[in-house]
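Enquirer: Numbering (full-length UniProt numbering), first residue to last: 1 to 121.
The beta carbon of each residue, even a glycine, is placed where N, CA and C say it ideally should be.
As the structure is a prediction and not an experimental result, all values here were calculated from the model.
I have a structure here, written as structure tokens, and I will follow up with some questions on it.
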Amino acid sequence: MHRNPILAATAVCLALIGYATLAKLAGRPVLVGHAEAYWVVVVERFSAYGLLGFLLSFLLPGRLGLACGLVVSVAIGLEVLQALTPDRDPALLDVLQKAAGGTVGVLLAQTILAFLPRPPS
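Have a look at this one:
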């Protein structure tokens, strides 16, 4: 499996998550509009971190703990950095939603990897 496209996709995903997390509230990308329902925001967070976990898992095949640890660390780290942005507020519930999405993404990718044929050594 070629690692460069997966590495690039992971970096882009991480950069977009970082931008969405740390941008001022007025500049934050939204799906529906700035008056979107709370469940839409939860789905956004869960999906973004799910994709990040999925990509990290393909980047680190067989390293379930490392992939989960990285995605949870990113969720915690970006949420803590959000405290430095004046109009954003970090919340424990946000971290839990992001960590859950990332962990589900890692587990989904690890399940897929378990069923893929392994290259000969």
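#1: Could you name the residues of the same chain whose beta carbon sits closer than 6 Å to that of P90, not counting the 5 residues immediately before and after it, in chain order?
#2: So, are the CB atoms of L14 and L52 less than 8 Å apart?
#3: Just reading off the alpha helix (DSSP H) that E79 is part of, what are its end residues?
#4: Give every residue of the same chain whose Cβ lies closer than 7 Å to the Cβ of L56, excluding the five residues on either side of it in the sequence, and list them in chain order.
#5: Starting from T21, trace the alpha helix (DSSP H) both ways and give me its first and last residue.
Expert: For this structure:
#1: E79, Q82 and A83
#2: yes
#3: L64 to L81
#4: T10, A67, L70, V71 and V106
#5: R3 to L22
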